[in-house]
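Asks:
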Amino acid sequence: MGIRHSNNPCSSLLLCFVALLLLVSSCSGNSNVGVRCMESERQQLLDFKEGLMDPFGRLSSWVGLDCCKWQGVRCKNRTGHVTVLNLQNYHLGGTIKPSLLHLKHLTHLNLAENFFGGTQIPKFLGMLNNLRYLDLYSSGYGGEIPPHLGNLSHLQVLNLGGNFGLRAESLVWLSGLSSLESLDLGRVDLYDVRGSWLKAVNMLPSLVRLYLDGCQLKSLDLTLPSLNLTSLEVLDLFDNPIKSPLPHWFSNLTNLQVLDLRSNNFYGSIPFWIGSLCKLRILRLNSNRLHGGIMGVLDRFSACQNNSLEILYLGGNYLVGSLPQSLGALRNLQELDLNTNFFWGSIPASIGNLSSLELLELSDNNFNGTIPESFGRLAKLSTVSLVANQMEGVLTETHLANLTRLDAFRLTTYHNKSLVFNLKHDWVPPFRLTTLVLINCLIGPSFPVWLLVQTNLSYVIVSNAGISDIVEEEWFARLFSSCWFVDLSNNSITAKLPPRIYSEMLEKVDLSRNNFVGQIPLWETNATQLYLQRNSFSGSIPENIGELMPRLKTFFVSRNQISGRLPSSICKMMGLKFLSVSHNRLSGQLPDCWNKLRSLKVVDASNNSLSGEIPSSLTSLCHLILLMLGDNNLHGDILFPPNSCRQVPLLYILQLRSNLLGGNIPEEICRLSNMRSLDLSNNHLIGSIPKCLHNFTALKYGNRSLDYEELFDLQDGTINEQTMLVGTKGRELEYSRTLLEVKNIDLSENNLIGEFPKGICRLAFLDTLNLSTNYLSGSIPDNIGDMRWLESLDLSVNKFSGPIPSSLSSLTLLNHLKLSNNNLSGRIPTGYQLQTLNDSSNYQGNPLLCGVPLLTRCPGDINSPPTPSSLGGSKDKLWLYLSIAMGYIVGFWGVCGTLVMKESWRQAYFRYVDELKEKLLLWIALTIARSRRMIEKGNN
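Counting with mature numbering (1 follows the signal peptide of the UniProt record, and there is no 0), you get residues -29 to -1, 1 to 911 for the letters of the sequence shown.
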């Protein structure tokens, strides 16, 4: 019987009152009006509460006679029986008591997001016969899933996901859940179930949603002809090590709306029939090993009459090809992620038809074409990422003018700036970005207004953008106050920064390789990285920089015009790892507080005017990797405190060249077994070279190649240029990213005495050795040929005597050799690599040396009669020339002479050549005719 509508105001008021009562009733913890809960069930709930730990008092409302009003409890309207117990996220613990079994009418039990200490799921839950809904998600359960849950034949929803200690050896018990519609076993360990999980799930014909993410599943049963899961709408197998092609029985799941196969090992091509699942709204296949193209799949999707696809994630595979025009037919698409593949070509013009698109992620591909003007029709676009491609062409206002919702825009190309922003200088865009990344795109030379008006930026990179303009300091003040990441490196921006900058959120600033002038500001921030190198900053480093920036880990200000002292407050940056102040005008002494900086890995203060002694607190740092103090005015001894580190110090590079250091080379330096580059050249060192340098095991055994990023732990993989000058091969070379691959010892231009330590010859992986301009004496060790990787050897301007060892000729990589100005004697060895080092200046200044390449001949070389060996050599050459002449005569006249003298042979030979020519011409004609027929057939 229908409801009659009345115009009586009283009736209307009464109806409103009843509706209000119903609304209040439905919004309360129970839906009962005037019906109390059953006393027996109230007692059972109180007993259930006794076993629980309730640290936050969430069950404090469980008092009084009417349990239907208790929080989390709902009863049936007419009978007062408890039907729902919803205690999700109550932070409960303890024990679930079997008193729940007395709640005979309980249909809904939700204990999700509590913590029961890794205990096993109570077996008696399998006796709650009327249960329709059981949710134990992320409740801290562990152990084996009790198969007794298979007795819940009325259960429609079972959620055991998020319990990381839970496991199952078999899922046979699932067959008893004939009414199950939703099953969540996410993060449950199903490794022991192996491939049988699919057969168990296939026994649930009513299943609509299946979540098996992170379950350690490794395989799929590809022998199944089809699946019974015809009602399935959601299939989530995310984050399993499944190694398989995409199974054909997916094509049976015609009601599927969500398919999530991310982070597996699926391989092979994406089958076309996936595009026939026309009800799919979400398809995630990213982070697998799929290959081939996607044209066929997208063509199938576009052919669906009611295409539903909203989210398409295919990133992190090996997919190739260009994007097809059929992409534009996916008009409901909201998110498209194809990152980290091998797609090429241009973005298709049909992309402008994706009017619902909000996210476009095409980073890390090989796109080398243009961005179409139709891109500007994507009015709902919020996030665009085209990082690490080779895009080219021109972007104009047409591409950007309608993108009113644009929030994040990322675009990087190669260094040639092949993509140009051709926008009017005063153009004001309709969007206000929070994230902007533009690397190697041509934006300049002027600083554009569209960038100046971006007042909501929190993350900005505009690097190598060809900007060479003057920017007002007010813009930087506003930028630094709102951003946490700022990178304007590799431009020619001329600006003076605000004298004081305050920002709690700022984490990284990179202004390197520009024309910033003035003093370094007082940065009052929590920043961890500050890159100001290669600018024109002047003045001194703020004395209280350590107090202003206590969290700083990376401080690069090299190649500026900074003067004054290095402030001692730097030692208050307790987490400092990288300090580079080289190529400035710093003076005074180094502070002596380095022992506070236990995390310090790099100190580069080279090419300044620093004076005083090297603090022992600096050389005692155990985690220091690079110590570069060269080209200063430092004096005193080199000190390495013994046993300052429990383990072997990490130092890889020690560069103290071109100072005023004196004293002996300390024996403690031999403890630096990781040493790869030792440069103490151009000082006033005395004494002998330590005989223990063979303890440099990295040079002795050739430790594995080092990962610069891994070793230095640079955030975001940023490699800022840490450079080092190395004297090698007769000239100075500057190394940057590969400086850890340099393996050299340079002790030249000192006052060292004594012999050449034989232990150095055991450093087989050393590539440069320079001991020149000292007072070393004795002989060159005979085993110098053991240094098989040596490329440059300079022993010039010393007092070495004796012969040059013949083993020197076995150094096949040697390309620079200087032995001049010594007292060497005897014949210069020949053979192998020494044949190419034939510059006489390499040996001059040794009066007793003789032989090639010097003009001085060795005894017995002048006017001596030819030896038998030389006569034998002359005879061998004579016989070689005679053999060549005889071979030519016999070969030529043996053939041509016969044809000239014998007519029948001559005619037969030319007849054979004519037949061969005819056959060749016939084959060419037939091939051309066959090709023409195939082309005509293809056109028809």
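Note that the Cβ used here is the ideal one computed from N, Cα and C, for glycine as well.
What are the start and end residues of the alpha helix (DSSP H) that includes G517?
Replies: Looking at the DSSP string, the run of the alpha helix (DSSP H) that includes G517 is I516 to L519.
Asks: Any chance you could list the alpha helix (DSSP H) runs of at least 4 consecutive residues sitting entirely within the segment 570 to 657, in chain order?
Replies: List check, alpha helix (DSSP H) in window: 587 to 590.
Asks: Taking its Cβ as the centre, do 16 or more other Cβ atoms sit within 10 Å of E762, making it buried, or is it exposed?
Replies: Looking at its Cβ environment, which holds 16 or more other Cβ atoms inside 10 Å, E762 is buried.
Asks: Mapping DSSP to helix, strand and coil, what is T689?
Replies: Here T689 scores only 39 on pLDDT, less than 50, and its place in the model is too uncertain to base an answer on.
Asks: N722 to P492, Cα distance in whole Å?
Replies: Answer to the nearest angstrom: the Cα atoms are 45 Å apart.
Asks: Buried or exposed for K789, please, with buried defined as at least 16 other CB atoms from any protein chain shown within 10 angstroms of its CB.
Replies: By the neighbour-count rule (16 or more Cβ atoms within 10 Å), K789 is buried.
Asks: To the nearest angstrom, how far is the alpha carbon of P242 from that of E140?
Replies: If you take the alpha carbons of P242 and E140, they lie about 33 Å apart.
Asks: By how many angstroms is the C-alpha of L74 removed from the C-alpha of L(-9)?
Replies: Residue confidence is low: L(-9) scores 34 on pLDDT, short of 50, so the model does not pin down where it sits. Its coordinate-derived value is still stated next. Approximately 28 Å, taken between the alpha carbons.
Asks: Could you tell me which of A359, P343 and R376 sits nearest to H370, measuring between CA atoms?
Replies: Nearest of A359, P343 and R376 to H370, Cα basis: P343.
Asks: On the DSSP letters alone, give me the boundaries of the beta strand (DSSP E) that T739 sits inside.
Replies: Element bounds for T739: T739 to N741.
Asks: Is the distance from the Cβ of K572 to the Cβ of H594 below 8 Å?
Replies: Yes.
Asks: Using 8 Å for Cβ pairs, my map puts residue 927 next to S791. What's the rounded Cβ distance?
Replies: This structure cannot settle anything about residue 927, because the visible part of the chain is limited to -29 through 911.
Asks: Are the CB atoms of R255 and R233 nearer to each other than 8 Å?
Replies: For R255 and R233, yes; Cβs fall inside 8 Å.
Asks: In the DSSP assignment, find the beta strand (DSSP E) that holds L568 and state where it starts and stops.
Replies: Note, L568: premise wrong, no beta strand (DSSP E); not H, not E.
Asks: Can at least three beta-carbon pairs, one atom from the segment 46 to 53 and one from the segment 100 to 111, be found at a separation below 8 Å?
Replies: Because the criterion of three Cβ pairs below 8 Å is not met, the segment 46 to 53 and the segment 100 to 111 do not touch.
Asks: Taking the alpha carbon of K40 as the point to measure from, which residue in S297, R29, C8 and L261 has its own alpha carbon closest?
Replies: The shortest C-alpha separation from K40 is found at C8.
Asks: For S321, which option in E306, R302 and N336 has the closest C-alpha, if you only look at C-alpha atoms?
Replies: With distances taken between Cα atoms, S321 lies closest to R302.
Asks: Taking the alpha-carbon of residue 914 as reference, which of K388, L598 and P400 has the nearest alpha-carbon?
Replies: Because the chain in this structure spans residues -29 to 911, residue 914 falls outside the shown range and cannot be described.
Asks: What whole-angstrom Cβ distance do G583 and M544 have, given they're in contact under 8 Å?
Replies: Not really, about 22 Å apart at Cβ, beyond 8 Å.
Asks: Quick check on DSSP: helix, strand or coil for C829?
Replies: DSSP places C829 in coil when its eight states are reduced to three.
Asks: Using the Cα positions of F402 and P419, report the straight-line distance between them to the nearest angstrom.
Replies: If I take the Cα positions, the gap works out to 15 Å.
Asks: With S110 and F86 assumed to form a contact (beta carbons below 8 Å), what rounded beta-carbon distance in angstroms separates them?
Replies: About 7 Å; that satisfies the 8 Å criterion.
Asks: Are there 16 or more other CB atoms within 10 angstroms of the CB of A436, so buried, or fewer, so exposed?
Replies: By the neighbour-count rule (16 or more Cβ atoms within 10 Å), A436 is buried.
Asks: Start and end of the beta strand (DSSP E) containing G510?
Replies: First-last of the beta strand (DSSP E) with G510: S507 to S511.
Asks: Assign Q532 to buried or exposed, taking buried as 16 or more other Cβ atoms, counted over all protein chains shown, within 10 Å of its Cβ.
Replies: Answer is exposed; the Cβ neighbour count stays below 16.
Asks: So what does DSSP say about P372, is it helix, strand or coil?
Replies: First, the amino acid is wrong: residue 372 is Ala here, not Pro. The answer is coil: DSSP assigns A372 none of H, G, I, E or B.
Asks: Could you tell me the alpha carbon to alpha carbon distance between L17 and L71, rounded to whole angstroms?
Replies: Roughly 10 Å separates the two Cα atoms.
Asks: Give me, in chain order, the residues of the same chain whose beta-carbon lies closer than 6 Å to that of T354; leave out the 5 immediate sequence neighbours on both sides.
Replies: Closer than 6 Å at the Cβ level, and outside the excluded window around T354, lie L330 and A379.
Asks: Please confirm whether N173 and G147 have their CB atoms less than 8 Å apart.
Replies: Contact flag unset, no.
Asks: Quick one: what's R556 bridged to in DSSP?
Replies: Beta-bridge pairing links R556 to S534.
Asks: So, with DSSP's three-state summary, where would you put F87?
Replies: Note: F87 maps to coil in three-state DSSP.
Asks: What residue range does the beta strand (DSSP E) around K467 cover?
Replies: Looking at the DSSP string, the run of the beta strand (DSSP E) that includes K467 is T465 to K467.
Asks: So for A735, helix, strand or coil by DSSP?
Replies: A735: coil per DSSP, three-state reduction.
Asks: Sort G546, G633 and S540 by Cα distance to I585 and report the nearest one.
Replies: Checked all of G546, G633 and S540; the closest Cα to I585 is G633.
Asks: Could you work out which residue in Q14, N769, F338 and G43 is closest to L36 when comparing CA atoms only?
Replies: Comparing Cα positions, the closest option is Q14.
Asks: Quick one, are the C-beta atoms of N817 and L795 less than 8 Å apart?
Replies: Yes. Within cutoff.
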